[in-house]
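Per the numbering used here, residue 20 is the first one in the sequence shown, and the count goes up by one each step.
Think of the CB as a built atom: it goes at the ideal place given N, C-alpha and C, for glycine as much as any other residue.
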Amino acid sequence: RPFNVVFQETLERFSEDARRLNSTVLVLQIPIFVLLAAFIFMVSKQMLEIEQDEISVFKSRGAAKRQIILLYLLQSVLIAAVGLVGGIPLSIAICKLLGGTNDFLTFVQRAALPVKVDGKVLLYGGAAAVVSICTMVFPVLQASRVTIVRHMGVAQTMRVLGYLAEKYWQTFSTDCRMRCIVNISGRL
């Protein structure tokens, strides 16, 4: 048999195995990406709750919704750019480090994995940056609609509800302690 025919079956099997492995890796990565996006969304929403006073003051001073969104968009772009610029060299270093391991925390003296940054890496990094920017800016759309009057009204309502809950808990816990004392003393 000719030389290229012998390896044809092996290359076809390898190609099929590579496709199967790529789909398996993708199935494992998608939930991680979704959880990461949810985490970014929750953190940005929490940051906005902390900064809601500032947003309300901007609105009361005449800032338009578009200006507030632009401010947070620029902040998100800056964060994503720093993450992209710092993340690529960090990921290259981690890949090289992982290439020099044999088992968990067992490093061997072999050549590091060859790692190259091409257009595909930059495309994926850019797509991740765009998704994270959208995830960070999305909560701003709702927060930029709140006026200072509405924010202060909600804040006052939350303070009153917190006070009532605290007083109820103090009364409830005192009542429970008194009942326990009466029950225990009644049994003696």
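Under the three-state DSSP convention, the category residue i falls into
i	result
Ser-151	helix
Asp-72	helix
Lys-135	coil
Gly-102	helix
Ala-37	helix
Gly-110	A quick correction: the sequence has Ser, not Gly, at residue 110. The answer is helix: DSSP assigns Ser-110 an H, G or I state.
Ser-163	coil
Residue environment, residue i, which counts as buried when at least 16 other CB atoms sit within 10 Å
i	result
Ser-42	exposed
Lys-135	exposed
Ala-99	buried
Ile-74	buried
Cβ neighbours of residue i in the same chain (closer than 7 Å, five flanking residues each side left out)
i	result
Arg-129	Gly-119
Phe-77	Ile-87
Spatial neighbours of residue i in its chain, beta-carbon cut-off 8 Å, leaving aside the 5 residues before and after
i	result
Pro-158	Phe-60, Ser-63, Lys-64 and Leu-67
Spatial neighbours of residue i in its chain, beta-carbon cut-off 6 Å, leaving aside the 5 residues before and after
i	result
Ser-95	Ile-152, Met-155 and Val-156
Lys-84	Ser-163
Gly-144	Leu-103
- Start-end ranges of the alpha helix (DSSP H) lying completely within the region 44-97, minimum 4 residues: 71-79
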